[in-house]
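Below is one structure, written out as structure tokens, with a few remarks after it.
Numbering (our numbering), first residue to last: 212 to 333.
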């Protein structure tokens, strides 16, 4: 049987190959620790810490404004964007996507992967 790490990596590998728009991805813990890093950037620890901070802020905003539980957040930059998805309040799925991405397809694939990851983290 595959380890938890191997199962997470398999889901992320499948997501990365689902569309060319995904430049990198990771799964991070709410306390800013890297669980799986496929971002491709130099400093995964910094990315994990920032992802967790964004997720925490998103959760706080959703709670304060009574939006319901935090589910996902988008940060759009001039060159690329970051998508962050809550996984059962146990982790975050973070994607870096190209600026001209097919956002509908990326969201469809990412939400499907999030559901698969939720079975691991629940």
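Glycine is no exception: its CB is placed at the ideal position from the N, C-alpha and C atoms.
| What's the gap between the Cα of residue 314 and the Cα of residue 275? | As a position in the chain shown, residue 314 is number 103, starting the count at 1. As a position in the chain shown, residue 275 is number 64, starting the count at 1. Whole-angstrom Cα-Cα distance: 28 Å.
| Are there 16 or more other CB atoms within 10 angstroms of the CB of residue 215, so buried, or fewer, so exposed? | As a working note, residue 215 is residue 4 in the chain shown. So residue 215 ends up on the exposed side.
| task | Would you check if the region 291 to 303 and the region 257 to 266 touch, i.e. whether three or more CB-CB distances between them fall below 8 Å? | result | yes
| said: Bridge partners for residue 285 per DSSP, in chain order? | reply: Reading the chain shown from its first residue, position 74 is the one you call residue 285. In DSSP, residue 285 forms a bridge with 294.
| field | Endpoints, the alpha helix (DSSP H) within which residue 243 is located | value | As a first step, residue 243 must be located in the chain shown, where it is residue number 32. Element bounds for residue 243: n/a, residue is neither H nor E.
| field | Under 9 Å between C-beta atoms of residue 238 and residue 304 | value | Sequence index remark: in the chain shown, residue 238 carries index 27 (1-based). Sequence index remark: in the chain shown, residue 304 carries index 93 (1-based). Yes.
| Would you report the Cα separation of residue 282 and residue 241, rounded to the nearest angstrom? | For the purposes of this step, residue 282 is taken as residue 71 along the chain shown, with counting starting at 1. For the purposes of this step, residue 241 is taken as residue 30 along the chain shown, with counting starting at 1. Distance between the alpha carbons of residue 282 and residue 241 is about 13 Å.
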